[in-house]
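These notes are about the structure you will find just below.
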Amino acid sequence: MEWLTKTETITHPSMSEMDLERQAEAIIPTPWGNFRMLAYAASEAEWMPHLALVHEDYKAGQPALVRVHSECITGDLFSSKRCDCGEQLHYAIEMIAREKGILLYLRQEGRGIGIINKLKAYQLQDQGLNTIDANLHLGLEVDARQYGIAVAMLADLGVSQIRLLTNNPEKVSALDLSEVEIIARVPIIISPQKDNASYLKTKQQQMGHLFDLFE
Numbered sequence: 065m066e067w068l069t070k071t072e073t074i075t076h077p078s079m080s081e082m083d084l085e086r087q088a089e090a091i092i093p094t095p096w097g098n099f100r101m102l103a104y105a106a107s108e109a110e111w112m113p114h115l116a117l118v119h120e121d122y123k124a125g126q127p128a129l130v131r132v133h134s135e136c137i138t139g140d141l142f143s144s145k146r147c148d149c150g151e152q153l154h155y156a157i158e159m160i161a162r163e164k165g166i167l168l169y170l171r172q173e174g175r176g177i178g179i180i181n182k183l184k185a186y187q188l189q190d191q192g193l194n195t196i197d198a199n200l201h202l203g204l205e206v207d208a209r210q211y212g213i214a215v216a217m218l219a220d221l222g223v224s225q226i227r228l229l230t231n232n233p234e235k236v237s238a239l240d241l242s243e244v245e246i247i248a249r250v251p252i253i254i255s256p257q258k259d260n261a262s263y264l265k266t267k268q269q270q271m272g273h274l275f276d277l278f279e
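Counted the way the numbering used here counts, the sequence shown spans residues 65 to 279.
Here's what the structure looks like:
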C-alpha cells in the first residue's frame, strides 16, 4: 500500500529520544476510579501537553495494559458518530480500570493532521471520498502520528512490557520496534453504526485494522 508513507518516521531509531519532560501530575477521580494524571511537554509553557492516566493501583515496573489513544475532539468530547474514537476511548478506560493499567492520550488530532485539516477532510468525505483519499486530496499524509511520544512516556513511567489495546497494526509495528516489549495485543471491540460504517470499512479493508466487521 503506497499510502503507508509514515512508517519510516514512526519507526525512526531515535523515536524514544523525544524532547518531553513530566511537567505536572495530580490525582483525578473518575467514574472508573482514581487515576494519576501526568502532563508531558517540552516546557511548562506548552498548553496542549500529552497526558498519561495511570490507575492508582498500578505497580511500577510490572507489565501493564496500555491504550495509546490519539486525541479526537469530535469523537472523544462531542460523541461524533462519524468515527469510533469516543467508543474506543471509553471501552479502553473501562478495561484499564478493571486491570489497573495506563491510558496515554496523545495530542495528535485527526491522525496527526490537526482539527482544521480534519474538518476539511470531513467536507471531502461528505462529497464521496473516503478517509484515505480525503487526506491525500489535501496533500496530507494518511497517518502523520508519531508513536515515539508514547515510548518516551512509558519509559518515564518505568513501563517496559505492555499488553497493547489496539486494532491498528501500524501502532503495533511502531512500538514493537522500540524498547517496549508488546507481550500481547488486546482487541477493542466496537460495533459499527450507520454513520461510521463506511469509515470502519475503510479502516478494515484499506488500512488493515484488525477487526472482522465486514466481508
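Virtual Cβ for every residue (Gly too), placed ideally from N, Cα, C. A quick note: this is a predicted structure, and the numbers were derived from the prediction, not measured.
In the structure shown, the three-state DSSP call for Y155 is helix.
Under DSSP, L170 shares a beta bridge with S134.
Using a Cβ-Cβ distance cut-off of 8 Å, the region 113-120 and the region 98-105 are in contact, since at least three pairs of beta carbons, one from each stretch, lie closer than that value. Annotated three-state conformation of L200 is helix, per DSSP. In this model, S143 and E205 are separated by some 25 Å (Cα to Cα). For the pair D207 and E234, the CB atoms are nearer than the 8 Å cut-off. For the pair G222 and E110, the Cα-to-Cα distance works out to about 24 Å.
Exclusion of the five residues before and after A90 leaves M101 as the residues of its chain whose Cβ lies within less than 7 Å of its Cβ.
When Cβ pairs closer than 8 Å are counted between the two stretches, the region 157-177 is seen to touch the region 122-133, the count reaching three or more. For I180, the enclosing alpha helix (DSSP H) starts and ends at I179 to D190. Going by DSSP, M217 is part of the alpha helix (DSSP H) stretching over G212 to D220. Only residues of its own chain outside the window of five on either side were considered, and among them I226, L228, V236, L239 and D240 have a CB closer than 7 Å to the CB of I246, listed in chain order. In the DSSP annotation of this structure, the continuous segment of the alpha helix (DSSP H) that includes E234 starts and ends at P233 to D240.
Around the beta-carbon of H119, 16 or more other beta-carbon atoms lie within 10 Å, marking it buried. A Cβ-Cβ contact shorter than 8 Å links A156 with I252. Taking 8 Å as the cut-off, the beta carbon of G176 is found closer than this to the beta carbon of R209. For G150, the secondary structure class from DSSP, reduced to helix, strand or coil, is helix.
Counting the other CB atoms within 10 Å of its CB gives S242 a total of 16 or more, which places it among the buried residues.
The beta-bridge partner set that DSSP reports for I91 consists of R100. S134 is classed as buried because its beta carbon has at least 16 other beta carbons within 10 Å across all chains shown. A Cβ-Cβ distance of about 5 Å is found for the pair D140 and G150, placing them in contact under the 8 Å criterion.
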